[in-house]
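Enquirer: So the sequence lines, in the order shown, correspond to chains Y and A. Take the position in the first sequence, starting the count at 1, then add 4; the result is the number in the numbering used here. Take the position in the second sequence, starting the count at 1, then add 4; the result is the number in the numbering used here. To start, I am sharing the structure in question, which I have written as structure tokens.
2 protein chains.
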Amino acid sequence: MAERLIVVGADAAGMSAASQARRRRDHRDLEILAFERGTHTSYSACGIPYWIAGLVEERDDLIARTPEQHRERNIDVRIGHTVVGVDLDRRAVTVREPRGGETTHEFDQLMVATGGEPVRPDWPGIDGRGVHGVQTLDDGEAVSASLRSRDAKRAVVIGGGYIGVEMAEALIRQGLEVTLVERAEQPMNTLDPDMGERVGEALKAFEVDVRMGVTVEGIELDGEGWARAVTTDAGEFPADVVVLGLGTQPGVTLAEEAGLPIGPSGGIVTDRRMRVPGHDGIWAAGDCVEVVHRVTGRPVAIPLGTHANKQGRVAGINLGGGYATFPGVLGTAVTKVCDLEIARTGLREAEAEEAGFAVVSAVIESHTVAGYYPGADTVTVKLVAERGTGRLLGGQIVGGNGAAKRIDVVAVALWNHMTVDEMTGLDLGYAPPFSPVWDPVLVAARAASDAVHG
Amino acid sequence: MAERLIVVGADAAGMSAASQARRRRDHRDLEILAFERGTHTSYSACGIPYWIAGLVEERDDLIARTPEQHRERNIDVRIGHTVVGVDLDRRAVTVREPRGGETTHEFDQLMVATGGEPVRPDWPGIDGRGVHGVQTLDDGEAVSASLRSRDAKRAVVIGGGYIGVEMAEALIRQGLEVTLVERAEQPMNTLDPDMGERVGEALKAFEVDVRMGVTVEGIELDGEGWARAVTTDAGEFPADVVVLGLGTQPGVTLAEEAGLPIGPSGGIVTDRRMRVPGHDGIWAAGDCVEVVHRVTGRPVAIPLGTHANKQGRVAGINLGGGYATFPGVLGTAVTKVCDLEIARTGLREAEAEEAGFAVVSAVIESHTVAGYYPGADTVTVKLVAERGTGRLLGGQIVGGNGAAKRIDVVAVALWNHMTVDEMTGLDLGYAPPFSPVWDPVLVAARAASDAVHG
Numbered sequence: 005m006a007e008r009l010i011v012v013g014a015d016a017a018g019m020s021a022a023s024q025a026r027r028r029r030d031h032r033d034l035e036i037l038a039f040e041r042g043t044h045t046s047y048s049a050c051g052i053p054y055w056i057a058g059l060v061e062e063r064d065d066l067i068a069r070t071p072e073q074h075r076e077r078n079i080d081v082r083i084g085h086t087v088v089g090v091d092l093d094r095r096a097v098t099v100r101e102p103r104g105g106e107t108t109h110e111f112d113q114l115m116v117a118t119g120g121e122p123v124r125p126d127w128p129g130i131d132g133r134g135v136h137g138v139q140t141l142d143d144g145e146a147v148s149a150s151l152r153s154r155d156a157k158r159a160v161v162i163g164g165g166y167i168g169v170e171m172a173e174a175l176i177r178q179g180l181e182v183t184l185v186e187r188a189e190q191p192m193n194t195l196d197p198d199m200g201e202r203v204g205e206a207l208k209a210f211e212v213d214v215r216m217g218v219t220v221e222g223i224e225l226d227g228e229g230w231a232r233a234v235t236t237d238a239g240e241f242p243a244d245v246v247v248l249g250l251g252t253q254p255g256v257t258l259a260e261e262a263g264l265p266i267g268p269s270g271g272i273v274t275d276r277r278m279r280v281p282g283h284d285g286i287w288a289a290g291d292c293v294e295v296v297h298r299v300t301g302r303p304v305a306i307p308l309g310t311h312a313n314k315q316g317r318v319a320g321i322n323l324g325g326g327y328a329t330f331p332g333v334l335g336t337a338v339t340k341v342c343d344l345e346i347a348r349t350g351l352r353e354a355e356a357e358e359a360g361f362a363v364v365s366a367v368i369e370s371h372t373v374a375g376y377y378p379g380a381d382t383v384t385v386k387l388v389a390e391r392g393t394g395r396l397l398g399g400q401i402v403g404g405n406g407a408a409k410r411i412d413v414v415a416v417a418l419w420n421h422m423t424v425d426e427m428t429g430l431d432l433g434y435a436p437p438f439s440p441v442w443d444p445v446l447v448a449a450r451a452a453s454d455a456v457h458g
Numbered sequence: 005m006a007e008r009l010i011v012v013g014a015d016a017a018g019m020s021a022a023s024q025a026r027r028r029r030d031h032r033d034l035e036i037l038a039f040e041r042g043t044h045t046s047y048s049a050c051g052i053p054y055w056i057a058g059l060v061e062e063r064d065d066l067i068a069r070t071p072e073q074h075r076e077r078n079i080d081v082r083i084g085h086t087v088v089g090v091d092l093d094r095r096a097v098t099v100r101e102p103r104g105g106e107t108t109h110e111f112d113q114l115m116v117a118t119g120g121e122p123v124r125p126d127w128p129g130i131d132g133r134g135v136h137g138v139q140t141l142d143d144g145e146a147v148s149a150s151l152r153s154r155d156a157k158r159a160v161v162i163g164g165g166y167i168g169v170e171m172a173e174a175l176i177r178q179g180l181e182v183t184l185v186e187r188a189e190q191p192m193n194t195l196d197p198d199m200g201e202r203v204g205e206a207l208k209a210f211e212v213d214v215r216m217g218v219t220v221e222g223i224e225l226d227g228e229g230w231a232r233a234v235t236t237d238a239g240e241f242p243a244d245v246v247v248l249g250l251g252t253q254p255g256v257t258l259a260e261e262a263g264l265p266i267g268p269s270g271g272i273v274t275d276r277r278m279r280v281p282g283h284d285g286i287w288a289a290g291d292c293v294e295v296v297h298r299v300t301g302r303p304v305a306i307p308l309g310t311h312a313n314k315q316g317r318v319a320g321i322n323l324g325g326g327y328a329t330f331p332g333v334l335g336t337a338v339t340k341v342c343d344l345e346i347a348r349t350g351l352r353e354a355e356a357e358e359a360g361f362a363v364v365s366a367v368i369e370s371h372t373v374a375g376y377y378p379g380a381d382t383v384t385v386k387l388v389a390e391r392g393t394g395r396l397l398g399g400q401i402v403g404g405n406g407a408a409k410r411i412d413v414v415a416v417a418l419w420n421h422m423t424v425d426e427m428t429g430l431d432l433g434y435a436p437p438f439s440p441v442w443d444p445v446l447v448a449a450r451a452a453s454d455a456v457h458g
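Below is the structure:
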């Protein structure tokens with residue numbers, strides 16, 4: 005008789021796992037049943053701001069594979085189905101059906117891919133109409149509907165992280181007046197302050213009203229329950245639409261209630277094969293888990309689509325009888341805001357110090373391509389290294405076209421425990437349309453090496 | 005009394021060395037005298053095709069530092085001075101002065117940076133007017149002068165390597181009819197044939213008349229000694245201008261005559277500090293030397309500006325009393341031909357096999373950015389790995405905007421002896437404007453890993 009795999013959450017991690025397992029085991033050997041509380045599967049959540057901005061035409065362009073397409077491959081996806089309980093002893097999940105009522109489904113293998121839960125402070129008015137997170141495609145549709153139905157003129161984006169700055173840009177592109185409020189002194193707190201400052205400048209140049217160091221107190225609603233303004237310790241900001249970009253935390257309620265181990269970072273604990281230790285046949289992957297940070301060696305929960313896809317694939321290979329391991333993360337992330345490319349990997353200064361490293365840093369300015377070549381733009385590269393040893397600990401890049409993906413060089417160097425000294429010798433590609441003869445990353449490595457040697 | 009450093013050849017390697025030495029030792033401690041047979045110093049030879057194409061406006065844009073600028077920093081550069089002999093016993097060089105006559109100059113330290121010599125077959129007519137190599141800025145000026153003075157309509161480019169394909173594009177951009185003739189069956193023999201074929205297609209789409217498998221027999225000249233046609237075993241190709249893109253070999257005549265050691269690849273032998281072994285105070289760097297290939301462990305002479313700059317810097321740091329080593333090369337190279345980006349690093353299949361590796365390869369097609377994002381273009385990535393171990397041996401990339409510099413990820417992985425298995429876990433940057441969620445390099449690593457495991 006076939007084993008049954010139940011997948012909870014049918015997005016990046018869950019469906020990568022299901023697909024890999026299916027590639028290796030056919031439906032006579034492994035039945036796969038996936039429950040999704042939303043209405044879409046396997047879509048690019050990272051693409052939502054670009055769709056709202058109008059850069060991506062159709063919502064469906066963001067969907068890599070629909071429930072129907074999964075079903076054609078013998079993966080039984082049920083949308084609108086919320087898993088409300090997991091009984092590890094009975095090896096069964098309880099599911100709230102879309103039309104009400106609950107059903108129970110037994111499993112042999114369970115893949116927990118419950119994703120991240122958006123941070124939603126307990127502010128008055130946060131549940132008002134026109135107040136939206138942007139985690140799921142359903143959220144994106146809700147934002148889009150609010151914009152249309154209200155003929156919205158003014159938006160307030162709360163939070164200056166990736167989603168916040170991307171949504172600020174998207175709403176400007178849709179012709180709204182946009183205010184970005186953030187508690188910290190600069191946007192993008194995944195960067196060091198000196199680099200984050202440049203993001204703030206780019207947002208201002210794009211006519212986003214950037215308000216840093218501002219604490220939100222609540223959202224004022226009108227008589228019909230629609231958002232009217234965001235109230236803060238720096239006054240009131242009118243808003244027809246409010247976007248919450250306050251980040252996410254691992255979505256572990258279900259796992260926690262079932263008794264699965266939750267680690268210090270708040271994510272479900274997994275081993276290198278994405279198994280939940282101590283629970284045979286239970287797997288977890290994606291924004292709901294914690295994994296090892298390769299620089300600190302500590303567990304972290306970093307919600308990124310790349311990690312979710314890789315972890316899901318690893319789990320699926322193992323579920324399918326193969327062997328694969330997830331080697332940990334560096335937290336590499338890139339984005340583009342108002343023509344400014346932004347990238348980071350590893351530890352920023354404060355993170356490195358908090359992890360016990362003594363650090364030296366170097367910041368250099370260079371060009372994205374040969375200075376004399378048409379379209380040459382500036383790029384700023386910062387490298388953080390360990391004092392004494394010169395071990396690379398992290399890097400950050402902001403700049404024009406061609407800046408961001410240079411972080412991958414820093415990421416692979418970091419992955420391999422290189423020192424900034426060693427990096428100066430790296431044999432990178434050069435031609436005038438692509439780079440100065442010394443790639444900006446190498447210029448930064450030279451500067452960091454000089455800094456290490458005092 | 006100050007030591008005297010004589011530099012032979014005042015371009016990338018020579019002047020990088022001189023500049024680094026000067027940074028560390030002032031003119032009272034180290035006199036620096038540089039002889040250059042051409043008329044320019046410290047320029048971007050790689051930029052010449054783009055200047056001829058009209059993409060770079062001014063010739064002087066290619067010059068990073070003029071002789072005057074070097075002299076202001078107490079580096080005595082003498083252009084038009086050809087070093088014709090080195091006497092290692094007397095520790096002196098003999099120099100042919102620009103107005104005739106020879107002078108002798110003693111040195112304490114000697115930096116040999118004589119660059120590469122273009123390959124010039126002994127064809128009838130090769131010394132004709134309108135027949136040009138494109139190694140130096142003086143060569144570039146000569147091409148430019150020929151184009152103007154002849155009102156040239158038709159060009160033949162001989163050789164389908166970097167310079168050949170870049171010059172073919174440049175001349176098309178200048179409105180000429182261009183024929184590219186190449187002995188091999190496809191252009192870019194630094195790539196495997198399956199990848200090189202795509203370069204040929206791009207050239208054809210750009211209206212270059214590409215003639216592969218053609219052996220040149222000579223260049224026919226008219227009554228005034230100007231090029232009229234290139235004669236080949238496949239007939240005659242009319243040409244007002246002929247460009248030679250046949251590559252270079254290490255320029256070691258001077259070194260060889262002086263008795264310096266020449267290695268199996270034809271370059272001057274150096275140690276990791278760029279010293280010539282057995283010859284105290286003699287240094288060499290740039291296209292005239294051989295260095296270790298990090299994958300094969302064998303000596304190679306690969307003429308690339310990136311290597312020359314790095315080697316010159318290493319020599320200069322050591323000359324200045326510091327400590328630096330040159331760690332070897334991977335042969336990473338990128339270029340752009342007719343909107344097709346081209347990149348390679350490490351060993352191609354034939355090179356790997358010749359070096360004794362049994363190989364498996366994987367070729368994948370993906371997108372430069374998320375498939376749904378505006379401007380998404382195709383990219384083809386090939387990885388070559390060792391059979392059994394899965395050790396990465398090399399990579400090649402061709403594709404649209406954003407393709408080429410992805411080779412740097414492959415280069416850093418190669419530098420660190422990664423296997424293609426390990427590469428599948430790399431934490432690279434992802435956002436829709438920059439990459440699919442699985443970067444094309446990771447897709448290739450997955451395919452290569454599958455190929456390794458059969």
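No residue lacks a Cβ here, since even glycine has one placed at the ideal position from N, Cα and C.
Whole angstroms is fine: what's the gap from Ala407 (chain Y)'s alpha carbon to Ala380 (chain A)'s?
Expert: The sequence position of residue 407 (chain Y) within the first sequence is 403, counting from 1. The sequence position of residue 380 (chain A) within the second sequence is 376, counting from 1. Their backbone Cα atoms lie some 18 Å apart in a straight line.
Enquirer: Mind checking whether Ala305 (chain Y) and Glu294 (chain Y) have CB atoms under 8 Å apart?
Expert: If you number the first sequence from 1, residue 305 (chain Y) lands on position 301. If you number the first sequence from 1, residue 294 (chain Y) lands on position 290. In this structure, Glu294 (chain Y) lies closer than 8 Å to Ala305 (chain Y) by Cβ.
Enquirer: What is the residue span of the beta strand (DSSP E) that Arg27 (chain Y) lies within?
Expert: Taking the first residue of the first sequence as 1, we reach residue 27 (chain Y) at position 23. Careful: Arg27 (chain Y) lies outside any beta strand (DSSP E), inside the alpha helix (DSSP H) at Ala16 to Arg28.
Enquirer: Going by the C-beta, is Ala452 (chain Y) closer than 7 Å to any heavy atom of the ligand COA?
Expert: In terms of ligand content, the structure shown is empty, and the ligand COA therefore cannot be addressed.
Enquirer: Which runs of the beta strand (DSSP E) spanning at least 3 residues fall entirely within the segment 379-452 of chain A, listed in chain order?
Expert: Taking only runs of at least 3 residues, the beta strand (DSSP E) segments lying wholly in the segment 379-452 of chain A are 382-390 and 396-403.
Enquirer: Is the distance from the Cβ of Gly290 (chain A) to the Cβ of Gly270 (chain A) below 8 Å?
Expert: As a working mapping, residue 290 (chain A) is identified with position 286 in the second sequence. As a working mapping, residue 270 (chain A) is identified with position 266 in the second sequence. Their beta carbons are not under 8 Å apart, which means Gly290 (chain A) does not touch Gly270 (chain A) by this criterion.
Enquirer: With a cut-off of 8 Å on the beta carbons, I'd call Phe39 (chain Y) and Val116 (chain Y) a contact; round off their distance for me.
Expert: Along the first sequence, read from residue 1 onward, the residue named residue 39 (chain Y) stands at position 35. Along the first sequence, read from residue 1 onward, the residue named residue 116 (chain Y) stands at position 112. The pair is not a contact, with the Cβ atoms about 11 Å apart (cut-off 8 Å).
Enquirer: Please check the pair Lys314 (chain Y) and Ala435 (chain A), which I expect to be a contact at CB under 8 Å, by giving their CB distance rounded to whole angstroms.
Expert: For the purposes of this step, residue 314 (chain Y) is taken as residue 310 along the first sequence, with counting starting at 1. For the purposes of this step, residue 435 (chain A) is taken as residue 431 along the second sequence, with counting starting at 1. The Cβ separation is near 16 Å, so there is no contact.
Enquirer: In three-state terms, what does DSSP make of Leu114 (chain A)?
Expert: What you label residue 114 (chain A) is simply residue 110 of the second sequence in a count that begins at 1. Strand at Leu114 (chain A).
Enquirer: Is the shortest distance between the beta-carbon of Trp419 (chain Y) and the beta-carbons of chain A less than 8 Å?
Expert: On the first sequence, residue 419 (chain Y) is found 415 positions in, with the first residue counted as 1. Trp419 (chain Y) counts as touching chain A.
Enquirer: When DSSP builds the beta bridges, which residues end up paired with Trp230 (chain A)?
Expert: Position 226 of the second sequence holds residue 230 (chain A). Trp230 (chain A) pairs with A:Arg133.
Enquirer: Is the beta carbon of Leu141 (chain Y) less than 8 Å from the beta carbon of Pro378 (chain A)?
Expert: Within the first sequence, the letter at position 137 stands for residue 141 (chain Y). Within the second sequence, the letter at position 374 stands for residue 378 (chain A). Result no, Cβ atoms of Leu141 (chain Y) and Pro378 (chain A) do not sit closer than 8 Å.
Enquirer: Please report the distance separating the alpha-carbon of Glu345 (chain A) from that of Pro440 (chain Y).
Expert: The residue you call residue 345 (chain A) lines up with position 341 of the second sequence. The residue you call residue 440 (chain Y) lines up with position 436 of the first sequence. So the two alpha carbons sit approximately 16 Å from each other.
Enquirer: If you check the beta carbons only, do Ala452 (chain Y) and Val424 (chain Y) fall under 8 Å apart?
Expert: Within the first sequence, the letter at position 448 stands for residue 452 (chain Y). Within the first sequence, the letter at position 420 stands for residue 424 (chain Y). Yes, the Cβ-Cβ distance between Ala452 (chain Y) and Val424 (chain Y) is below 8 Å.
Enquirer: Should Thr300 (chain A) be flagged as near chain Y, meaning a C-beta pair shorter than 8 Å?
Expert: Against the second sequence, residue 300 (chain A) aligns to sequence position 296. Not an interface residue.
Enquirer: Please go through the segment 273-361 of chain Y and give each complete beta strand (DSSP E) segment of 3 or more residues, from N-terminal end onward.
Expert: As far as the segment 273-361 of chain Y is concerned, its whole beta strand (DSSP E) runs of at least 3 residues are 286-288, 293-296, 337-341 and 344-350.
Enquirer: Counting only the same chain and skipping the five closest in sequence on each side, list residues whose C-beta sits under 6 Å from that of Tyr54 (chain A).
Expert: Numbered from 1 along the second sequence, position 50 holds the residue referred to as residue 54 (chain A). Excluding sequence neighbours, Tyr54 (chain A) sits near Val60.
Enquirer: Is it the case that the Cβ atoms of Gln139 (chain Y) and Gly163 (chain Y) are separated by a distance below 8 Å?
Expert: Here residue 139 (chain Y) is taken as the residue at index 135 of the first sequence, counted from 1. Here residue 163 (chain Y) is taken as the residue at index 159 of the first sequence, counted from 1. Against a cut-off of 8 Å, the Cβ pair of Gly163 (chain Y) and Gln139 (chain Y) comes out as no contact.
Enquirer: In the structure shown, what three-state DSSP assignment does Gln73 (chain A) receive?
Expert: On the second sequence, residue 73 (chain A) is found 69 positions in, with the first residue counted as 1. The answer is helix: DSSP assigns Gln73 (chain A) an H, G or I state.
Enquirer: Taking DSSP's pairing of strands, which residues face Met216 (chain Y) in a bridge?
Expert: By 1-based counting over the first sequence, the position of residue 216 (chain Y) is 212. According to DSSP, which records beta bridges pairwise, Met216 (chain Y) is partnered with Y:Glu186.
Enquirer: With a threshold of 8 Å between beta-carbons, can Lys409 (chain Y) be considered close to chain C, or not?
Expert: This model lacks chain C altogether, as its protein chains are Y and A.
Enquirer: Taking 8 Å as the cut-off, decide whether the C-beta atoms of Val182 (chain A) and Val220 (chain A) are in contact.
Expert: Here residue 182 (chain A) refers to the residue found at position 178 of the second sequence. Here residue 220 (chain A) refers to the residue found at position 216 of the second sequence. Contact: no.
Enquirer: Is there a Cβ from chain Y that is less than 8 Å from the Cβ of Asn193 (chain A)?
Expert: Residue mapping note: residue 193 (chain A) aligns to position 189 of the second sequence, counting from 1. Chain Y, which has no Cβ nearer than 8 Å to the Cβ of Asn193 (chain A), makes this no.
Enquirer: With burial defined as no fewer than 16 other Cβ atoms inside 10 Å of the residue's Cβ, what is the status of Glu355 (chain A): buried or exposed?
Expert: In the second sequence, counting from the first residue as 1, residue 355 (chain A) sits at position 351. So Glu355 (chain A) ends up on the buried side.
Enquirer: Got a sec, what are the start and stop residues for the beta strand (DSSP E) Glu3 (chain A) sits in?
Expert: Absent from the structure is residue 3 (chain A), since the part of chain A shown begins at 5 and ends at 458.
Enquirer: Kindly list the residues whose CB is nearer than 7 Å to the CB of Leu151 (chain Y), restricted to its own chain and excluding five residues on each side of it in sequence; keep chain order.
Expert: Position 147 of the first sequence holds residue 151 (chain Y). Correct list, in chain order: Gln178 and Val245.
Enquirer: Using the Cβ count rule (16 or more neighbours within 10 Å means buried), how would you classify Val123 (chain A)?
Expert: Reading the second sequence from its first residue, position 119 is the one you call residue 123 (chain A). With fewer than 16 Cβ atoms within 10 Å of its Cβ, Val123 (chain A) is classed as exposed.
Enquirer: Starting from Gly104 (chain A), trace the alpha helix (DSSP H) in both directions and tell me its first and last residue.
Expert: Here the question's residue 104 (chain A) lines up with position 100 in the second sequence. Run containing Gly104 (chain A): none; DSSP gives neither H nor E here.
Enquirer: Can you list the residues of chain A that Trp442 (chain Y) reaches, using a CB-CB cut of under 7 Å?
Expert: Residue 442 (chain Y) sits at position 438 when you count from the first residue of the first sequence. Within chain A, the residues near Trp442 (chain Y) are Asn313.
Enquirer: Does any C-beta atom of chain A lie closer than 8 Å to the C-beta of Phe111 (chain Y)?
Expert: Residue mapping note: residue 111 (chain Y) aligns to position 107 of the first sequence, counting from 1. Cβ-Cβ to chain A under 8 Å: no for Phe111 (chain Y).
Enquirer: Take Arg298 (chain Y) as the anchor and find which of A:Glu224, A:Leu430 and A:Thr384 has the nearest alpha-carbon.
Expert: Mapped onto the first sequence, residue 298 (chain Y) falls at position 294. Comparing Cα-Cα distances from Arg298 (chain Y) to each of A:Glu224, A:Leu430 and A:Thr384, the minimum goes to A:Leu430.
Enquirer: Please state whether the Cβ-Cβ distance between Gly309 (chain A) and Gln113 (chain A) is less than 8 Å.
Expert: Taking the second sequence and counting its residues from 1, the one referred to as residue 309 (chain A) is at position 305. Taking the second sequence and counting its residues from 1, the one referred to as residue 113 (chain A) is at position 109. Not a contact, by the Cβ cut-off of 8 Å.
Enquirer: Arg158 (chain Y) lies in the alpha helix (DSSP H); which residues open and close that run?
Expert: Here the question's residue 158 (chain Y) lines up with position 154 in the first sequence. Segment Arg158 to Ile162 is the beta strand (DSSP E) holding Arg158 (chain Y); no alpha helix (DSSP H) there.
Enquirer: By Cβ distance, which residues of its chain are closer than 7 Å to Val81 (chain Y), with the 5 residues on each side in sequence left out?
Expert: Numbered from its first residue, the first sequence carries residue 81 (chain Y) at position 77. The residues are Ala14, Ala38, Glu40, Thr45, Pro71, His74 and Arg75.
Enquirer: Taking 8 Å as the threshold, find out whether the segment 328-336 of chain A comes into contact with the segment 271-284 of chain A through three or more Cβ pairs.
Expert: Touching, yes, given that three or more Cβ pairs across the two stretches are closer than 8 Å.
Enquirer: By the 7 Å beta-carbon criterion, what residues does the segment 143-168 of chain Y contribute toward chain A?
Expert: Cβ contacts with chain A: none found.
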